[in-house]
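A.B. asks: Quick note on this note's numbering: the sequence shown kicks off at -19 and runs consecutively. Just so it is clear, CB atoms sit at the ideal spot from N, CA and C, and this is done for glycine as well. Fair warning: this is a prediction, and the values are worked out from it, not measured in the lab. Let me give you the structure first, and then I'll get to my questions.
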Amino acid sequence: MTISLASALSRKRLHAPFAALGIPPSVALAFIILALVIGWSLVPGLFSGHDPFVGVPADKLQAPSIAHWFGTDQLGRDLYARVVHGTASSVSSALIAVVIGLFVGGLIGLLAGFLGGWVDIIFARLVDVLLAIPSFLLAVIVVTALGFDTINAAIATGVSAVAVFARVMRSEVIKTRQATFVEASFLSGGSRWHILLRHVLPNASRSVLPLAVLRFGLSILVIAGLAFLGYGDPPPASDWGLLISIGKDYMKWPWLIYAPAIAIIATVLSLNRISRWLRKTD
């Protein structure tokens, strides 16, 4: 009984700082993981002292140990260093994809929802066509047309996300446009562009932020899938999806797959948790 009470008090003290900020512990953990991933992408050398491209043949295919946290690959390269250094490509590509989808899709949804009429009809049909094509298939089509490269994979992923952002932004703009304060601004003589930029855009974009965080995680998955199929940078690059693709040929040494896979899963789940928290607090 005493041990149980002490354990409960300990958990309460641990959760108290998060509760004071209004952040659940699971969300705080997600932010910590995301901060670590961002640190990996910005200053990878600070987190790993091994060269991700140069290995020691005598150390090939070693299991995880103190010297090599994630083990070594078939060329004796430190797998932890390769995962850390591959973060920059995976995260930056996903960020580019989200920016493309957010800007292009948000602009389409904003104009379609606010202007209405034939503009809404044309953009709505365009969005319907994009939504009819599976996003991963659309990304494969675009990256095949542009060429096999990580940046092209990011552009392809961004194009596949345009329709989702456009649909959400359009619905939010239509809802905001019908609000009382917007009608009052019209009656007081405000111009359409002033109302669009001053009232409609700030209020409609609040619901887009959780979607952007969610799409960030989905973009990491799509880009990893493209890299796995060979649509990204070729070896010796260390994109997470490419590491899994190489590791599948060495199933006897499973850490070659588990290490980058765990990095992808932890990052995507953290982004999903943050997105759900943002949606609830909106």
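Would you mind working out which of G19, G35, G210, D219 sits nearest S73, comparing C-alpha positions?
C.D. replies: Nearest option by C-alpha distance: D219.
A.B. asks: Classify D229 as helix, strand or coil using the three-state DSSP reduction.
C.D. replies: Of the three classes helix, strand and coil, the one that applies to D229 here is helix, per DSSP.
A.B. asks: Taking A192 as the reference, which of F11, I46, R259 has the closest Cα?
C.D. replies: Out of F11, I46, R259, R259 has the C-alpha closest to the C-alpha of A192.
A.B. asks: Taking 8 angstroms as the cut-off, decide whether the C-beta atoms of P24 and A68 are in contact.
C.D. replies: In contact: P24 and A68 (Cβ atoms closer than 8 angstroms).
A.B. asks: For T(-18) and G2, what's the separation of their Cα atoms in angstroms?
C.D. replies: Low per-residue confidence applies at T(-18): pLDDT is 42, beneath 50, and the placement is therefore not dependable, though the value from the model is reported in the following sentence. Answer to the nearest angstrom: the Cα atoms are 29 angstroms apart.
A.B. asks: Tell me whether D58 sits in a helix, a strand or coil according to DSSP, three-state version.
C.D. replies: Correct three-state label for D58: strand.
A.B. asks: Based on the DSSP output, what are the partners of T261 in its beta bridges?
C.D. replies: According to DSSP, T261 bridges with nothing at all.
A.B. asks: Let me check understanding here. Comparing Cα to Cα, which of S185, T156, D108, V36 lies closest to G56?
C.D. replies: When only C-alpha atoms are compared, the closest one is V36.
A.B. asks: So who's on the other strand from T52, going by DSSP bridges?
C.D. replies: D58, per the DSSP bridge assignment.
A.B. asks: Just to confirm, are V64 and F27 a CB contact at a threshold of 8 angstroms?
C.D. replies: Contact flag set, yes.
A.B. asks: Which residue marks the beginning of the alpha helix (DSSP H) containing F27, and which one marks its end?
C.D. replies: Looking at the DSSP string, the run of the alpha helix (DSSP H) that includes F27 is 24 to 27.
A.B. asks: Cβ of A134 within 8 angstroms of Cβ of G85?
C.D. replies: Taking 8 angstroms as the Cβ cut-off, A134 and G85 do not qualify as a contacting pair.
A.B. asks: Using the three-state DSSP reduction, which class does A146 fall into: helix, strand or coil?
C.D. replies: DSSP places A146 in helix when its eight states are reduced to three.
A.B. asks: Determine the DSSP secondary structure at S168, reduced to helix, strand or coil.
C.D. replies: Coil, per DSSP.
A.B. asks: Can at least three beta-carbon pairs, one atom from the segment 145 to 157 and one from the segment 85 to 94, be found at a separation below 8 angstroms?
C.D. replies: Taking 8 angstroms as the limit for Cβ pairs, the verdict is that the segment 85 to 94 does touch the segment 145 to 157.
A.B. asks: Tell me whether S250 is buried or exposed, calling it buried when 16 or more other Cβ atoms sit within 10 Å of its Cβ.
C.D. replies: Label assigned to S250: buried.
A.B. asks: Express the C-alpha separation of I203 and K228 in angstroms, rounding to a whole number.
C.D. replies: Roughly 18 angstroms between the two C-alpha positions.
A.B. asks: Any idea what DSSP makes of I3, helix, strand or coil?
C.D. replies: Note: I3 maps to coil in three-state DSSP.
A.B. asks: DSSP three-state label for L(-11), please.
C.D. replies: Note that L(-11) scores 45 on pLDDT, short of 50, meaning its location in the model is unreliable and no value can be drawn from it.
A.B. asks: Do you know offhand how far R(-9)'s Cα is from R256's?
C.D. replies: Residue confidence for R(-9) is low, a pLDDT of 48 falling below 50, so the modelled location carries little weight and cannot support an answer.
A.B. asks: The alpha helix (DSSP H) with F208 in it runs from where to where?
C.D. replies: Run containing F208: 188 to 208, per the alpha helix (DSSP H) assignment.
A.B. asks: Specify, as a first and last residue, the run of the alpha helix (DSSP H) that S115 falls within.
C.D. replies: From DSSP, the alpha helix (DSSP H) with S115 extends over 115 to 126.
A.B. asks: For V122, which residues of its own chain have a beta-carbon under 6 angstroms away from its beta-carbon, when the five flanking residues on both sides are left out?
C.D. replies: If we look at V122 and ignore the five residues flanking it on each side, its Cβ neighbours are A136, V139.
A.B. asks: Three Cβ pairs or more, each shorter than 8 angstroms: is that satisfied between the segment 173 to 186 and the segment 147 to 161?
C.D. replies: Contact between the segment 173 to 186 and the segment 147 to 161 is present, because at least three Cβ pairs lie under 8 angstroms.
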